[in-house]
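Undergrad: Residue numbers (our numbering), protein chains in the order written: chain A, 78 to 338; chain B, 14 to 310. Backbone N, C-alpha and C fix where the C-beta goes; we use that ideal spot for every residue, glycine too. Given the structure is predicted, the values throughout are model-derived calculations rather than measurements.
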Amino acid sequence: MTNLIRAELQKLFTTRLWWAMALVMFAFTAFGLAFLIAQAGAAPANGQPGLPALDDPAWLPLALSFASGANIFTMILGIVLMTSEYRYQTITGTFLTTPKRGRVIAAKLGAGVIIGVFFAIISLLFTGIVAITAVLIGGGSVDLAGGRIPQLTLGVFATLVLYALFGIGLGALVRNQVAALIGGIVWAYVIESILGAFPALQTVGKWLPGGAAQALMNIDFETGLGESNLLPAWGGALVLVAYALLFAVVANLTTTRRDIT
Amino acid sequence: MTAIEIRNLSKSFGAVRAVDDVSFTVEAGTVTGYLGPNGAGKTTTLRCLLGLVTPDSGEALVNGQRYASLAHPLNEVGAVLEATSFHPGRTARDHLRILTTAAGLPATRPDEALDQVGLADAAKKRVGGFSLGMRQRLALAGALLGQPKIFILDEPANGLDPAGIQWLRGFLRHLARDTGAAVLVSSHVLAEVEQTVDNVVIIAKGRMIRQGTLAELTGNGAGAVRVKTKDDFAPALRAAGGTVEEVEAGLLRVTGLDTEEIGRLALDQRVLITEVIHERSDLQSVFLELTGEGAQS
Numbered sequence: 078m079t080n081l082i083r084a085e086l087q088k089l090f091t092t093r094l095w096w097a098m099a100l101v102m103f104a105f106t107a108f109g110l111a112f113l114i115a116q117a118g119a120a121p122a123n124g125q126p127g128l129p130a131l132d133d134p135a136w137l138p139l140a141l142s143f144a145s146g147a148n149i150f151t152m153i154l155g156i157v158l159m160t161s162e163y164r165y166q167t168i169t170g171t172f173l174t175t176p177k178r179g180r181v182i183a184a185k186l187g188a189g190v191i192i193g194v195f196f197a198i199i200s201l202l203f204t205g206i207v208a209i210t211a212v213l214i215g216g217g218s219v220d221l222a223g224g225r226i227p228q229l230t231l232g233v234f235a236t237l238v239l240y241a242l243f244g245i246g247l248g249a250l251v252r253n254q255v256a257a258l259i260g261g262i263v264w265a266y267v268i269e270s271i272l273g274a275f276p277a278l279q280t281v282g283k284w285l286p287g288g289a290a291q292a293l294m295n296i297d298f299e300t301g302l303g304e305s306n307l308l309p310a311w312g313g314a315l316v317l318v319a320y321a322l323l324f325a326v327v328a329n330l331t332t333t334r335r336d337i338t
Numbered sequence: 014m015t016a017i018e019i020r021n022l023s024k025s026f027g028a029v030r031a032v033d034d035v036s037f038t039v040e041a042g043t044v045t046g047y048l049g050p051n052g053a054g055k056t057t058t059l060r061c062l063l064g065l066v067t068p069d070s071g072e073a074l075v076n077g078q079r080y081a082s083l084a085h086p087l088n089e090v091g092a093v094l095e096a097t098s099f100h101p102g103r104t105a106r107d108h109l110r111i112l113t114t115a116a117g118l119p120a121t122r123p124d125e126a127l128d129q130v131g132l133a134d135a136a137k138k139r140v141g142g143f144s145l146g147m148r149q150r151l152a153l154a155g156a157l158l159g160q161p162k163i164f165i166l167d168e169p170a171n172g173l174d175p176a177g178i179q180w181l182r183g184f185l186r187h188l189a190r191d192t193g194a195a196v197l198v199s200s201h202v203l204a205e206v207e208q209t210v211d212n213v214v215i216i217a218k219g220r221m222i223r224q225g226t227l228a229e230l231t232g233n234g235a236g237a238v239r240v241k242t243k244d245d246f247a248p249a250l251r252a253a254g255g256t257v258e259e260v261e262a263g264l265l266r267v268t269g270l271d272t273e274e275i276g277r278l279a280l281d282q283r284v285l286i287t288e289v290i291h292e293r294s295d296l297q298s299v300f301l302e303l304t305g306e307g308a309q310s
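Rendered as structure tokens:
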């Protein structure tokens with residue numbers, strides 16, 4: 078199984094996609110952080126909520142939570158890990174080498190965990206360096222062990238790993254690469270955003286992967302839309318684990334029996 | 014043990030019966046040509062054999078086992094299915110490295126296999142820039158990684174230039190004669206495999222039409238002689254015991270007499286003949302006749 082997981086990681090790291098994703102991720106996170114730094118300490122106005130100032134202890138956890146925004150990229154990598162096999166018909170060689178298809182799926186999910194952890198590390202490092210620098214320049218003090226930061230860090234890891242697995246499950250279900258990518262992005266950016274943003278809809282949204290990840294990170298900052306309605310942190314963790322298992326089962330069922338023609 | 018054994022194999026896709034009750038075997042040390050027009054069911058048969066397609070009924074076994082139950086498939090079977098199964102952004106060596114890693118083979122195998130197929134110089138090039146012929150060679154390199162004793166090749170000559178086809182023939186012969194491998198190679202172009210194969214299995218519309226050695230198949234219908242003459246030669250040929258068919262004015266097709274007998278007869282009768290050709294029944298015409306493709310041409 079170790080060999081198979083290594084082979085799956087080689088598949089990712091021998092094409093150019095992964096570092097393109099990493100670059101876009103840095104740009105994406107930098108954009109969000111730039112906004113957060115520029116607006117730090119802004120007072121509520123025109124119905125827009127205010128943001129904590131740079132020297133406010135609440136600012137750093139909020140900035141660090143942006144690291145979880147990389148979930149979209151681990152999801153894309155997960156989708157591609159599965160669908161590029163069908164797009165380029167490399168699935169034939171994969172199944173000829175490992176005819177027990179369940180083992181291929183298990184290896185892909187294992188590789189998904191490693192990809193999630195890898196991207197969580199580089200995303201947290203990047204966000205951390207930028208955010209801590211901003212806090213220090215803004216005259217605040219940094220306490221990484223305090224507040225919600227350890228839990229938040231764990232939440233970033235869980236989110237990025239989970240979305241990689243979600244991508245693999247989605248890719249196994251929808252083998253057309255373009256369709257799977259569009260479906261995944263619409264899901265993460267549109268459906269989850271809507272169901273997660275409005276407290277009235279969070280009764281549904283809190284059970285989705287995005288809502289569960291929010292619960293785990295426990296980021297409830299005042300959005301001006303009312304009180305957040307999230308699961309407790311342990312509940313969020315359980316929901317995430319249940320999704321990971323569901324994706325694994327879906328990936329397995331849809332792949333092991335189909336004819337490869 | 015029989016290297017490849019296909020027993021009463023059938024597979025339908027929807028209403029189309031792609032493979033219909035096909036049975037044949039391939040022994041070690043021989044090359045078997047699996048021949049038929051496009052869409053005859055060759056690829057489906059091979060995919061059943063490799064565990065990629067589940068047959069509706071019957072069995073397809075390698076070394077007496079189903080492919081999916083082999084513990085180390087790349088060490089037992091080398092397969093070339095289609096020359097398009099590569100990620101265009103990956104280099105030739107990386108493509109092979111991934112298979113090598115997954116199969117737990119020594120890390121030296123990719124370069125050795127590339128060397129064997131004459132692609133060593135292109136090892137670090139991305140497959141996207143490869144010609145069809147180079148992709149075929151790369152696919153073959155993938156089949157060689159585990160140094161197997163059974164080879165299953167689907168139209169491996171597709172896209173090869175004449176020199177490449179020449180090389181492939183030699184290579185397949187080398188695998189069978191020198192390493193004792195069992196080789197099953199499909200093709201819709203007979204000329205590609207005619208000089209290489211020991212045995213032939215012919216399939217059309219999913220059904221097996223003929224199986225035998227090359228000699229058995231080409232032996233049928235041998236012995237006809239075409240004679241060109243403007244003189245009235247037919248009566249003399251008939252009198253000498255030949256069966257004569259006038260193909261067109263001035264062209265006779267004679268059976269029952271050989272070229273020497275016809276030549277002597279012409280000399281005796283003072284008949285001028287301008288051409289005497291022994292009609293060798295080549296595999297191509299047998300093939301066209303058997304698969305019903307000859308009717309149109």
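Is the CB-CB distance between B:SER199 and B:LYS24 below 7 Å?
TA: As a working mapping, residue 199 of chain B is identified with position 186 in the second sequence. As a working mapping, residue 24 of chain B is identified with position 11 in the second sequence. Result no, Cβ atoms of B:SER199 and B:LYS24 do not sit closer than 7 Å.
Undergrad: For my contact list, B:ILE286 and B:THR256 are in at a C-beta cut-off of 8 Å; report their separation, rounded to the angstrom.
TA: In the second sequence, residue 286 of chain B corresponds to position 273, counting from 1. In the second sequence, residue 256 of chain B corresponds to position 243, counting from 1. About 18 Å; that fails the 8 Å criterion.
Undergrad: Out of B:ARG239, B:VAL35, B:VAL238, B:ALA170, which has the shortest C-alpha to C-alpha gap to B:ALA207?
TA: Residue 207 of chain B sits at position 194 when you count from the first residue of the second sequence. The sequence shown places Glu at residue 207 of chain B, not Ala. Of the candidates B:ARG239, B:VAL35, B:VAL238, B:ALA170, the one whose C-alpha sits nearest the C-alpha of B:GLU207 is B:ALA170.
Undergrad: Could you give the C-beta distance for A:LEU239 and A:LEU330, rounded to a whole number, given that I count them as a contact under 8 Å?
TA: On the first sequence, position 162 is the one that residue 239 of chain A refers to. On the first sequence, position 253 is the one that residue 330 of chain A refers to. 19 Å between Cβ atoms; not a contact.
Undergrad: Within 10 angstroms of the Cβ of A:VAL326, are there 16 or more other Cβ atoms? Answer buried if so, exposed if not.
TA: The residue labelled residue 326 of chain A in the question sits at position 249 within the first sequence. By the 16-neighbour rule on beta-carbons within 10 angstroms, A:VAL326 is exposed.
Undergrad: Along the chain, where does the alpha helix (DSSP H) containing B:GLY177 start, and where does it finish?
TA: Sequence index remark: in the second sequence, residue 177 of chain B carries index 164 (1-based). 175-192 is the span of the alpha helix (DSSP H), which, as asked, contains B:GLY177.
Undergrad: Considering only the beta carbon of each residue, do B:GLY146 and B:ASP167 sit closer than 7 Å?
TA: Walking along the second sequence from the start, residue 146 of chain B turns up at place 133. Walking along the second sequence from the start, residue 167 of chain B turns up at place 154. No, the pair does not count as a contact, with Cβ atoms beyond the cut-off.
Undergrad: Report yes or no: is there a C-beta of chain B within less than 7 Å of the C-beta of A:ASN329?
TA: Start at 1 with the first residue of the first sequence, and residue 329 of chain A comes out as number 252. A:ASN329 does not count as touching chain B.
Undergrad: Between A:ALA183 and chain B, is any beta-carbon pair separated by less than 7 Å?
TA: Position 106 of the first sequence, counting from 1, holds the residue named residue 183 of chain A. A:ALA183 does not count as touching chain B.
Undergrad: So if DSSP puts B:ILE286 in a beta bridge, which residue, or which two residues, is it bridged to?
TA: Position 273 of the second sequence, counted from the first residue, corresponds to residue 286 of chain B. B:THR242.
Undergrad: Kindly indicate if chain A contains any beta-carbon less than 7 Å away from that of B:VAL32.
TA: Working through the second sequence from its first residue, we reach residue 32 of chain B at position 19. Judged by the 7 Å Cβ criterion, B:VAL32 is not in contact with chain A.
Undergrad: For B:PRO68 and chain A, any beta-carbon pair shorter than 7 Å?
TA: Along the second sequence, one-based indexing puts residue 68 of chain B at 55. No, because no Cβ of chain A sits closer than 7 Å to the Cβ of B:PRO68.
Undergrad: Does the Cβ of A:SER161 have 16 or more other Cβ atoms within 10 Å, making it buried, or fewer, making it exposed?
TA: Within the first sequence, residue 161 of chain A is the residue found at index 84, counting from 1. Classification for A:SER161: buried.
Undergrad: Looking only at its own chain, which residues have a Cβ that is under 8 Å from the Cβ of B:ALA308, when we skip the five neighbours before and after it?
TA: Residue numbering aside, residue 308 of chain B sits at position 295 when the second sequence is read from its first letter. Its pLDDT being 43, under 50, B:ALA308 is placed unreliably in this model, and the value from its coordinates should be taken loosely. By the criterion of a C-beta distance shorter than 8 Å, B:ALA308 is surrounded by no residue of its chain, once the five residues flanking it on both sides are discounted.
Undergrad: By the 7 Å beta-carbon criterion, what residues does the region 106-128 of chain B contribute toward chain A?
TA: ASP107, ARG110, ILE111, LEU112, THR114, ALA115, ALA116, GLY117
Undergrad: Apart from the five residues just before and just after A:ARG180, which ones in its own chain have a Cβ nearer than 8 Å to its Cβ?
TA: For the purposes of this step, residue 180 of chain A is taken as residue 103 along the first sequence, with counting starting at 1. Closer than 8 Å at Cβ, skipping near neighbours: MET78, LEU81.
Undergrad: Apply the 10 Å Cβ neighbour rule to B:PHE143 and answer buried if 16 or more other Cβ atoms are within range, or exposed otherwise.
TA: Sequence index remark: in the second sequence, residue 143 of chain B carries index 130 (1-based). It counts as buried.
Undergrad: So if DSSP puts A:LYS283 in a beta bridge, which residue, or which two residues, is it bridged to?
TA: For the purposes of this step, residue 283 of chain A is identified with residue 206 of the first sequence, where counting begins at 1. None, per the DSSP bridge assignment.
Undergrad: Where B:VAL210 and B:ALA53 are concerned, what is the direct C-alpha to C-alpha distance, given to the nearest angstrom?
TA: Counting from one through the second sequence, the residue named residue 210 of chain B turns up at place 197. Counting from one through the second sequence, the residue named residue 53 of chain B turns up at place 40. Rounded to the nearest whole angstrom, the C-alpha separation of B:VAL210 and B:ALA53 is 19 Å.
Undergrad: Please name the residue, chosen from B:TYR47, B:THR272, B:ALA41, B:THR58, that lies closest to B:ASP33 on a Cα-to-Cα basis.
TA: In the second sequence, counting from the first residue as 1, residue 33 of chain B sits at position 20. Nearest option by C-alpha distance: B:THR58.
Undergrad: Cα separation between A:LEU213 and A:LEU86?
TA: Along the first sequence, read from residue 1 onward, the residue named residue 213 of chain A stands at position 136. Along the first sequence, read from residue 1 onward, the residue named residue 86 of chain A stands at position 9. Going from the Cα of A:LEU213 to the Cα of A:LEU86 covers about 38 Å.
Undergrad: Would you kindly work out how many angstroms separate the C-alpha atoms of B:ALA252 and B:LEU22, rounded to a whole number?
TA: Position 239 of the second sequence holds residue 252 of chain B. Position 9 of the second sequence holds residue 22 of chain B. Between B:ALA252 and B:LEU22, the C-alpha separation is close to 52 Å.
Undergrad: Using a beta-carbon distance cut-off of less than 7 Å, what residues from the region 36-47 of chain B approach chain A?
TA: none
Undergrad: Grouping DSSP H, G and I as helix and E and B as strand, with all else coil, what is B:TYR47?
TA: The count along the second sequence starts at 1 and reaches residue 47 of chain B at position 34. Looking at B:TYR47 - three-state DSSP - the assignment turns out to be strand.
Undergrad: Check A:THR106 in the structure and name its three-state DSSP category.
TA: One-based indexing of the first sequence puts residue 106 of chain A at position 29. A:THR106: helix per DSSP, three-state reduction.
Undergrad: Report yes or no: do three or more beta-carbon pairs, one from the region 144-155 of chain A and one from the region 229-239 of chain A, lie closer than 8 Å?
TA: Yes, the region 144-155 of chain A touches the region 229-239 of chain A.
Undergrad: List the residues of chain B that A:GLY170 touches, going by C-beta distances under 7 Å, in chain order.
TA: For this step, residue 170 of chain A is matched to residue 93 along the first sequence. At a beta-carbon threshold of 7 Å, the residues of chain B lying near A:GLY170 are SER98, LEU112, GLY155, ordered along the chain.
Undergrad: With a threshold of 6 Å (Cβ to nearest heavy atom), would B:GLY263 be considered close to the ligand HEM?
TA: With respect to the ligand HEM, the structure offers nothing, as it holds no ligand at all.
Undergrad: If distances are taken between C-alpha atoms only, which option among B:LEU264, B:LEU118, B:GLU95 comes closest to B:PRO161?
TA: Along the second sequence, read from residue 1 onward, the residue named residue 161 of chain B stands at position 148. Among B:LEU264, B:LEU118, B:GLU95, the Cα nearest to that of B:PRO161 is on B:LEU118.
Undergrad: Should A:LEU48 go down as buried or exposed, given a rule of 16 or more other Cβ atoms within 10 Å for buried?
TA: What is shown of chain A runs 78 to 338, which leaves residue 48 of chain A out entirely.
Undergrad: Just checking: is the beta-carbon of A:PRO176 within a distance shorter than 7 Å of some beta-carbon in chain B?
TA: In the first sequence, counting from the first residue as 1, residue 176 of chain A sits at position 99. By this cut-off, A:PRO176 is an interface position.
Undergrad: A:VAL267 lies in the alpha helix (DSSP H); which residues open and close that run?
TA: Taking the first sequence and counting its residues from 1, one reaches residue 267 of chain A at position 190. From DSSP, A:VAL267 is part of no alpha helix (DSSP H); its letter is neither H nor E.
Undergrad: Of all Cβ atoms in chain B, is any one closer than 7 Å to the Cβ of A:ARG93?
TA: For the purposes of this step, residue 93 of chain A is identified with residue 16 of the first sequence, where counting begins at 1. True, the Cβ-Cβ gap to chain B drops below 7 Å.
Undergrad: Rounded to the nearest angstrom, what separates B:GLY193 and B:GLY42 at their Cα positions?
TA: Along the second sequence, read from residue 1 onward, the residue named residue 193 of chain B stands at position 180. Along the second sequence, read from residue 1 onward, the residue named residue 42 of chain B stands at position 29. Roughly 4 Å separates the two Cα atoms.
Undergrad: Find the residues of chain A that neighbour B:ALA217, judging by a C-beta separation of less than 8 Å, and give them in chain order.
TA: Locating residue 217 of chain B in the second sequence gives position 204, counting from the first residue. The contacting residues do not exist; B:ALA217 stays about 20 Å from chain A at best.
Undergrad: Alpha carbon to alpha carbon, what distance is there between A:ILE259 and A:ARG335?
TA: Position 258 of the first sequence holds residue 335 of chain A. Position 182 of the first sequence holds residue 259 of chain A. Approximately 23 Å, taken between the alpha carbons.
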